[in-house]
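Using our numbering, the letters of the sequence shown map in sequence onto residues 8 to 255. Here a beta-carbon is modelled for each residue, glycine too, at the ideal position from N, C-alpha and C. This report refers to the structure that appears directly beneath it.
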Amino acid sequence: MMPLPKLTTYLKPGAQQSWRMPFEKAASLAQHPALKAFYSGLKLDEDLPLNGTPMLALDFETTGLNPEYDDIISIGAIPMDSKRILLGQSRYWVLKPAAKLRADTIPIHGITHSDIEQAPDLIDVFPDLLEMMTNRVVVAHCAGIESQFLSTALQYRIGEGISFPAFDTMGIERHFSNNQHLGLFARMFRKNQAGSLRLADVRSQYKLPFYRPHNALLDALACAELLQAQIQYHGLDARPVSQILPLR
Numbered sequence: 008m009m010p011l012p013k014l015t016t017y018l019k020p021g022a023q024q025s026w027r028m029p030f031e032k033a034a035s036l037a038q039h040p041a042l043k044a045f046y047s048g049l050k051l052d053e054d055l056p057l058n059g060t061p062m063l064a065l066d067f068e069t070t071g072l073n074p075e076y077d078d079i080i081s082i083g084a085i086p087m088d089s090k091r092i093l094l095g096q097s098r099y100w101v102l103k104p105a106a107k108l109r110a111d112t113i114p115i116h117g118i119t120h121s122d123i124e125q126a127p128d129l130i131d132v133f134p135d136l137l138e139m140m141t142n143r144v145v146v147a148h149c150a151g152i153e154s155q156f157l158s159t160a161l162q163y164r165i166g167e168g169i170s171f172p173a174f175d176t177m178g179i180e181r182h183f184s185n186n187q188h189l190g191l192f193a194r195m196f197r198k199n200q201a202g203s204l205r206l207a208d209v210r211s212q213y214k215l216p217f218y219r220p221h222n223a224l225l226d227a228l229a230c231a232e233l234l235q236a237q238i239q240y241h242g243l244d245a246r247p248v249s250q251i252l253p254l255r
């Protein structure tokens, strides 16, 4: 069997020791009761293997691309682990954004003014979302987008943001797409190593089916399936979370 790549070789110095630091700092500064409860529920051990790690695939659709001026308009969230995707426990919310719904984005996400007219605000679903996130690692494609949008949206509403652990499927793919991290057999059977890191394009490399993008629940499912494929293909099941979290 081909030896697995040594992830620790490619992590920044101290990355394994420092992944908890932003969450510990955020916990010490949190004022909102829901955030305090969220951080106190973060019990993940840095040595916990991926095959024992509870996760939450998460995706947002937004009114635009700038978290300072745009807002979250829908959320898809699906509990999962390295082997299972718990669709029966998934949640999908359409939200009334604080930012103006731009006409040029409606054809992209398909959410109209009539859809949001009676929709709840983010703060109304915030407790349910936090409950789903508690003691789970978020799974997202380019996880920094979800992190920035949620933190900025909460800062606007309650005066403080949020930090949470996340597996970034884009970062994982970027890490392994460099041929020097792969053995000869893997390089022979993987194509387009330097290609697009868009969710649909990366999924196609793992022979996963095409899903129409820009539905938050479908995108969360697409990301969940992709992470499971990455875990299986790269033999990451037994790797500790501390080796995967820093990959961005």
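Tell me the rounded alpha-carbon separation between Tyr218 and Leu225. For Tyr218 and Leu225, the distance between alpha carbons rounds to 7 Å.
Using CA atoms only, rank isn't needed, just tell me which of Pro253, Gln162, Ile238 and Leu129 is closest to Leu57. Here the closest residue by C-alpha is Ile238.
By how many angstroms is the C-alpha of Met139 removed from the C-alpha of Thr60? 14 Å
Sufficient close CB pairs (3 or more, under 8 Å) joining the region 144-162 to the region 175-185: Segments in contact, yes.
To which residues does DSSP link Asp175 through a beta bridge? Per DSSP, the beta bridge partners of Asp175 are Ala147.
Can you give the Cα-Cα distance for Arg77 and Thr70, rounded to whole angstroms? At residue 77 the sequence reads Asp, which differs from the Arg that was named. For Asp77 and Thr70, the distance between alpha carbons rounds to 5 Å.
Just the C-alpha distance for Arg109 and Ile118, rounded to the nearest angstrom, thanks. Roughly 10 Å separates the two Cα atoms.
Whole-angstrom Cβ separation of Ala37 and Glu167, contact assumed at under 8 Å? 7 Å
Phe217 - DSSP class collapsed to helix/strand/coil: If DSSP states are grouped into helix, strand and coil, Phe217 belongs with coil.
Does the distance from the CB of Ile115 to the CB of Ala227 come in under 7 Å? no
Outcome for Met87 when other beta-carbon atoms lying within 10 angstroms are tallied against a minimum of 16: By the 16-neighbour rule on beta-carbons within 10 angstroms, Met87 is buried.
Starting from Glu138, follow the alpha helix (DSSP H) in both directions and report where the run begins and ends. Leu129 to Met140
Backbone CA spacing between Leu72 and Cys230 [nearest angstrom]: 19 Å
Can you tell which of Leu137, Leu243, Glu75 and Ala33 has its C-alpha closest to the C-alpha of Ala160? Glu75
What does a CB cutoff of less than 6 Å around Leu254 pick up in its chain, not counting 5 residues either side in sequence? Gly178, Ile179 and His182
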